[in-house]
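Structure, as structure tokens:
Number of protein chains: 2
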Amino acid sequence: MSKQPIASNSPFVPPVGVPAARMAAEERRLQILRVAISLFAQKGFRGTTTKEIAHAAGVSEAIIFRHFATKEELYSAILDHKACASGGLDDICNGVAGAVESKDDRAVFEGVALTLLEHHEEDTEFMRLLSHAALEGHELTQMFWQRNVLQMYDLLGSYIRERQREGAFRQMEPKVAVRAFLGMIIHHSVNNNLWDQKRSVLDITNEEAARQFTEILLKGIEARTDTARTQHTGRRFAAGVQRTTAKKKQTK
Amino acid sequence: MSKQPIASNSPFVPPVGVPAARMAAEERRLQILRVAISLFAQKGFRGTTTKEIAHAAGVSEAIIFRHFATKEELYSAILDHKACASGGLDDICNGVAGAVESKDDRAVFEGVALTLLEHHEEDTEFMRLLSHAALEGHELTQMFWQRNVLQMYDLLGSYIRERQREGAFRQMEPKVAVRAFLGMIIHHSVNNNLWDQKRSVLDITNEEAARQFTEILLKGIEARTDTARTQHTGRRFAAGVQRTTAKKKQTK
DNA sequence: AGATGGTAAGTAAGTACTTACTTTCAATAG
DNA sequence: CTATTGAAAGTAAGTACTTACTTACCATCT
């Protein structure tokens, strides 16, 4: 369906920066997408009319249906577009790659936390969109889930597992720790951007939140070097290796 | 439907337990409410038509509007009804009162966690309803927030503050700890009931979840008796009091 | 001139809500 | 022990308006 009329017969580059009243198809398509994202985020799929979208985009309703066969297709295109393109995951991977390499636990988790919090804050629209989609049972929700959330669990989960092998973290199911950590962060985001936008309950910066949540998690899952209460996890890991080398390097 | 000429002329005593085709006003009102709760929870306010509600209740559409002036009023009546009646908060307060009294940290937090998780599980409908309402910006969302969530922050927050004074927990803003804790639990609930109903990522019982999250939180916020890393919180609290007496009584 | 960006003015199927009317039923009067 | 009555429970068939989506027709670029 994607038409691409550029350079049909002329070898020139199309004037990209020109704000013409009449747009190229691709341009218009993207503009409609952007406008629709904002509206769907505010009012949900059913709460947004094609008329509104058209008006907000400054075109007639028929144009919408020239670019997207149905309202549903427009919606899917958005979810598709955002779920693939906005790889918040890549940012995170790149951002903490160094910390993972050097086993700087604090930097790893604080980095992930801060990236997520900031990402959510600057893209509240998408969070709302996803929430609406999830509630409405839209299938693409699961695509997003599989593409982003599962990988996050893998990423953090395998890091934790590695650090457990090294004796830095206590024995437990890594996924539980990941859920706890993501829970703190995502719940905090949802609170700030959806439920309590005035922050009447708790008003802290993203940096502070990332630091504090990381602190709680790390202390919560670290292997204790002191008065070890071994009662609940029966076995102590076999290879009691480089405890000292992994002593934690929070120099940052 | 089944006609049942109950004691038509017999002296008074209205037959309360009889399932007549024709209902008393109050009865019908409640039935409509119940039906509407379920439908609004599934499909949201805008996604549910008054026609559907009427059909599901087995009456004509006009009946809906005899009991509720507008669709909006019906919606508000539901939120009102649920937010007031279902005081999940009281259950929690009563449930952990003893543990709070005896300063059994583990029992306090595990109790709160388990109550919340089970409450969410058996009333998924209301969770969905609230989510829809929050996304749609319905005013009654904030009523619920103020009536339930704020009190939860007060309850747990003041408990934590007390235990900090006793030297059991490290110095930090109690609300942050509460947010972290509620974050783990509520996020876990939302995951299970909304995003990942098949529990493909993490499948644990509510008891297990409550135990593990409590473990992480308590270890995460407890005052350390060992190699104290004082670098990040500059001041050590002035009244270095009964550290020993509050040594933690996790005997349960 | 012919393809492409754009529109005005539809249409059929909903939507919330009303109106005018019928049925049920318990408390009374005869 | 009926018969009457009147209010409340119920309905069928609307109304006025909105919705997603179409059709037939311009306008403007190579």
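So the sequences go chain by chain: E and W.
Mapped onto my numbering, the consecutive letters of the first sequence carry residue numbers 2 to 253.
Mapped onto my numbering, the consecutive letters of the second sequence carry residue numbers 2 to 253.
A virtual CB, placed ideally from N, CA and C, is assigned to each residue, including glycine.
Open item on the list: Against A37 (chain W), what residues of chain E qualify as contacts under a CB-to-CB distance less than 9 angstroms, listed in chain order?
Closed with: Position 36 of the second sequence, counted from the first residue, corresponds to residue 37 (chain W). Within chain E, no residue comes near A37 (chain W); the closest Cβ sits about 17 angstroms away, beyond 9 angstroms.
Task: Span of the alpha helix (DSSP H) around G99 (chain E) - done: The count along the first sequence starts at 1 and reaches residue 99 (chain E) at position 98. First-last of the alpha helix (DSSP H) with G99 (chain E): 89 to 102.
Open item on the list: According to DSSP, is F145 (chain W) part of a helix, a strand, or is it coil?
Closed with: Looking up residue 145 (chain W) in the second sequence gives position 144. In the structure shown, F145 (chain W) sits in a helix (DSSP, three-state: H, G or I).
Open item on the list: What residue range does the alpha helix (DSSP H) around R166 (chain E) cover?
Closed with: Taking the first sequence and counting its residues from 1, one reaches residue 166 (chain E) at position 165. Note, R166 (chain E): alpha helix (DSSP H), 151 to 166.
Task: chain E contact residues for H139 (chain W), given Cβ-Cβ distances below 7 angstroms - done: Numbered from 1 along the second sequence, position 138 holds the residue referred to as residue 139 (chain W). None at all; the shortest Cβ gap to chain E is about 12 angstroms.
- [ ] Starting from S132 (chain W), find everything on chain E with Cβ-Cβ shorter than 8 angstroms and list it in chain order.
- [x] Taking the second sequence and counting its residues from 1, one reaches residue 132 (chain W) at position 131. Within chain E, the residues S132, L136 have their CB atoms less than 8 angstroms from the CB of S132 (chain W), given in chain order.
TODO: Measuring alpha carbon to alpha carbon, tell me which of E:R47, E:R23, E:I64 ends up nearest E73 (chain E).
DONE: Here residue 73 (chain E) corresponds to residue number 72 of the first sequence, with the count starting at 1. Of the listed residues, the one whose Cα sits closest to E73 (chain E) is E:R47.
Task: Through-space distance from T226 (chain E) to T228 (chain W), alpha-carbon basis - done: For the purposes of this step, residue 228 (chain W) is taken as the residue at position 227 of the second sequence. For the purposes of this step, residue 226 (chain E) is taken as the residue at position 225 of the first sequence. Its pLDDT being 46, under 50, T228 (chain W) is placed unreliably by the model, and nothing is read from it.
Open item on the list: Any contact between the segment 182 to 191 of chain W and the segment 83 to 97 of chain W? By contact I mean 3 or more CB pairs, one from each, below 8 angstroms.
Closed with: By the criterion of at least three beta-carbon pairs nearer than 8 angstroms, the segment 182 to 191 of chain W is not in contact with the segment 83 to 97 of chain W.
TODO: Only counting runs of 3 or more residues, tell me where the beta strand (DSSP E) segments fall wholly within the segment 41 to 85 of chain W, in order along the chain.
DONE: DSSP runs (the beta strand (DSSP E)) wholly in the segment 41 to 85 of chain W: none.
- [ ] Answer yes if the segment 142 to 150 of chain W comes into contact with the segment 139 to 149 of chain E, meaning at least three C-beta pairs across the two stretches below 8 angstroms, and no otherwise.
- [x] Short answer: they don't touch.
TODO: Using a cut-off of 9 angstroms between C-beta atoms, extract the partners of H120 (chain W) located in chain E.
DONE: On the second sequence, position 119 is the one that residue 120 (chain W) refers to. Counting only Cβ-Cβ distances below 9 angstroms, H120 (chain W) has no contacts in chain E at all, with the closest Cβ about 17 angstroms away.
Task: According to DSSP, residues forming a beta bridge with E223 (chain W) - done: If you number the second sequence from 1, residue 223 (chain W) lands on position 222. Bridge partners of E223 (chain W): W:F170.
Open item on the list: Taking 8 angstroms as the cut-off, does the segment 123 to 131 of chain E touch the segment 34 to 43 of chain E (at least 3 CB pairs, one atom from each stretch)?
Closed with: Under the Cβ criterion (8 angstroms, minimum of three pairs), the segment 34 to 43 of chain E counts as touching the segment 123 to 131 of chain E.
Open item on the list: Please state whether the Cβ-Cβ distance between V113 (chain E) and Y154 (chain E) is less than 9 angstroms.
Closed with: Residue numbering aside, residue 113 (chain E) sits at position 112 when the first sequence is read from its first letter. Residue numbering aside, residue 154 (chain E) sits at position 153 when the first sequence is read from its first letter. Between V113 (chain E) and Y154 (chain E), the C-beta spacing is not below 9 angstroms.
TODO: Kindly give me the distance between the Cβ atoms of I186 (chain E) and L118 (chain E), rounded to whole angstroms, as I take these residues to be in contact under 8 angstroms.
DONE: Within the first sequence, residue 186 (chain E) is the residue found at index 185, counting from 1. Within the first sequence, residue 118 (chain E) is the residue found at index 117, counting from 1. I186 (chain E) to L118 (chain E), Cβ: 6 angstroms. Contact.
TODO: Output the distance between the C-alpha atoms of A84 (chain W) and A78 (chain W), rounded to the nearest integer angstrom.
DONE: To locate residue 84 (chain W), count along the second sequence from 1; it is residue 83. To locate residue 78 (chain W), count along the second sequence from 1; it is residue 77. Distance between the alpha carbons of A84 (chain W) and A78 (chain W) is about 10 angstroms.
Open item on the list: Restricting to Cα atoms, I'd like to know which of W:A37, W:T51, W:D105, W:L115 is closest to H82 (chain W).
Closed with: Residue 82 (chain W) sits at position 81 when you count from the first residue of the second sequence. Among W:A37, W:T51, W:D105, W:L115, the Cα nearest to that of H82 (chain W) belongs to W:A37.
TODO: Anything in chain E within Cβ reach of I64 (chain W), meaning under 8 angstroms, just list it in chain order.
DONE: Locating residue 64 (chain W) in the second sequence gives position 63, counting from the first residue. Simply none; closest approach about 25 angstroms.
- [ ] Could you tell me whether the Cβ of I186 (chain W) comes closer than 9 angstroms to any Cβ of chain E?
- [x] Along the second sequence, read from residue 1 onward, the residue named residue 186 (chain W) stands at position 185. Chain E contact via Cβ: present.
Task: Option in E:E27, E:E167, E:L136 with minimal Cα separation from I65 (chain E) - done: To locate residue 65 (chain E), count along the first sequence from 1; it is residue 64. Of the listed residues, the one whose Cα sits closest to I65 (chain E) is E:E27.
- [ ] Note down, in chain order, each residue of its chain lying with its Cβ closer than 7 angstroms to the Cβ of T116 (chain E), except the 5 sequence neighbours on either side.
- [x] Numbered from its first residue, the first sequence carries residue 116 (chain E) at position 115. D92, I93, G96, listed in sequence order.
Task: Any chain E beta carbon closer than 9 angstroms to L219 (chain W) - done: On the second sequence, residue 219 (chain W) is found 218 positions in, with the first residue counted as 1. Interface residue, yes.
Open item on the list: Determine, for V202 (chain W), whether the minimum Cβ-Cβ distance to residues of chain E falls below 9 angstroms.
Closed with: Sequence index remark: in the second sequence, residue 202 (chain W) carries index 201 (1-based). Interface residue, yes.
Task: Cβ shell of I255 (chain E) (< 8 angstroms), same chain only, five flanking positions each side left out - done: The displayed coordinates of chain E run from 2 to 253. Any statement about residue 255 (chain E) would go beyond what the structure contains.
Open item on the list: So for R230 (chain E), helix, strand or coil by DSSP?
Closed with: Numbered from 1 along the first sequence, position 229 holds the residue referred to as residue 230 (chain E). Note that R230 (chain E) has pLDDT 43, beneath the 50 cutoff, so the model's placement of it is unreliable and the number below is only indicative. The answer is coil: DSSP assigns R230 (chain E) none of H, G, I, E or B.
Task: Limits of the unbroken alpha helix (DSSP H) element including H120 (chain E) - done: Taking the first sequence and counting its residues from 1, the one referred to as residue 120 (chain E) is at position 119. Counting along the chain, the alpha helix (DSSP H) containing H120 (chain E) begins and ends at 106 to 123.
Task: Contact set between K176 (chain W) and chain E, taken where Cβ atoms lie within less than 8 angstroms - done: Mapped onto the second sequence, residue 176 (chain W) falls at position 175. Going along chain E in sequence order, the residues near K176 (chain W) (Cβ under 8 angstroms) are V202, L203.
- [ ] Taking only beta carbons into account, state which residues of the segment 86 to 117 of chain E come closer than 9 angstroms to chain W, listed in chain order.
- [x] Within the segment 86 to 117 of chain E, no residue has a Cβ lying closer than 9 angstroms to any Cβ of chain W.
Task: Endpoints, the alpha helix (DSSP H) within which G184 (chain W) is located - done: For the purposes of this step, residue 184 (chain W) is identified with residue 183 of the second sequence, where counting begins at 1. 175 to 191 is the extent of the alpha helix (DSSP H) around G184 (chain W).
Task: DSSP state of M128 (chain W) mapped onto helix, strand, coil - done: On the second sequence, position 127 is the one that residue 128 (chain W) refers to. Reduced to three states, the DSSP call for M128 (chain W) is helix.
TODO: Rounded to whole angstroms, what's the CA-CA distance from E184 (chain W) to A134 (chain W)? Just pull it up for me.
DONE: Locating residue 184 (chain W) in the second sequence gives position 183, counting from the first residue. Locating residue 134 (chain W) in the second sequence gives position 133, counting from the first residue. With the sequence shown as reference, residue 184 (chain W) is identified as Gly, and Glu is not the correct amino acid for it. Near 20 angstroms, if we compare the C-alpha coordinates of A134 (chain W) and G184 (chain W).
TODO: Can you tell me which of the three DSSP states I217 (chain W) falls into?
DONE: Taking the second sequence and counting its residues from 1, one reaches residue 217 (chain W) at position 216. In this structure, I217 (chain W) counts as helix in the three-state DSSP scheme.
Task: Among E:F69, E:I33, E:L75, E:T50, the one whose alpha carbon lies nearest that of V60 (chain E) - done: Against the first sequence, residue 60 (chain E) aligns to sequence position 59. Of the listed residues, the one whose Cα sits closest to V60 (chain E) is E:I33.
- [ ] Please say whether R29 (chain W) and A58 (chain W) have beta carbons closer to each other than 9 angstroms?
- [x] Start at 1 with the first residue of the second sequence, and residue 58 (chain W) comes out as number 57. Start at 1 with the first residue of the second sequence, and residue 29 (chain W) comes out as number 28. The answer is yes: Cβ separation under 9 angstroms.
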